[in-house]
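To start, the structure itself, in structure tokens.
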Amino acid sequence: MHILVVEDEKALCDTIARSLRRLAYSVDCCYDGQSALDMLSIEKFDLVVL
10 MHILVVEDEK ALCDTIARSL RRLAYSVDCC YDGQSALDML SIEKFDLVVL
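First residue of the sequence shown: 10, per our numbering; consecutive thereafter.
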């Protein structure tokens, strides 16, 4: 499962991503809405966590 985590607080986003990766998920982080929209336009995600 490929997950996109969108959170403007970098430390929190990285913590969430690290926890999900430990559970064997593929995770990308975006730190603002515009970069999340850009990422969504070029990659397919199964889940977006806002």
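From the three backbone atoms N, C-alpha and C, an ideal C-beta is built for every residue, glycine too.
Going by the CB atoms, is the gap between residue j and residue i shorter than 8 Å?
i	j	result
Val14	Val36	yes
Tyr34	Lys19	no
Just checking residue i against the ligand GDP - is the residue's beta carbon closer than 7 Å to any of the ligand's heavy atoms?
i	result
Val15	Looking for the ligand GDP in the displayed structure turns up nothing, as the structure carries no ligands at all.
Apart from the five residues just before and just after residue i, which ones in its own chain have a Cβ nearer than 7 Å to its Cβ?
i	result
Cys22	Val14, Glu16, Cys38, Tyr40
Leu59	Val15
Could you name the residues of the same chain whose beta carbon sits closer than 6 Å to that of residue i, not counting the 5 residues immediately before and after it, in chain order?
i	result
His11	Ser35, Phe54, Asp55
Would you identify the three-state DSSP class for residue i, choosing helix, strand or coil?
i	result
Asp55	coil
Asp23	helix
For residue i and residue j, what's the separation of their Cα atoms in angstroms?
i	j	result
Leu32	Met48	22 Å
Arg30	Thr24	10 Å
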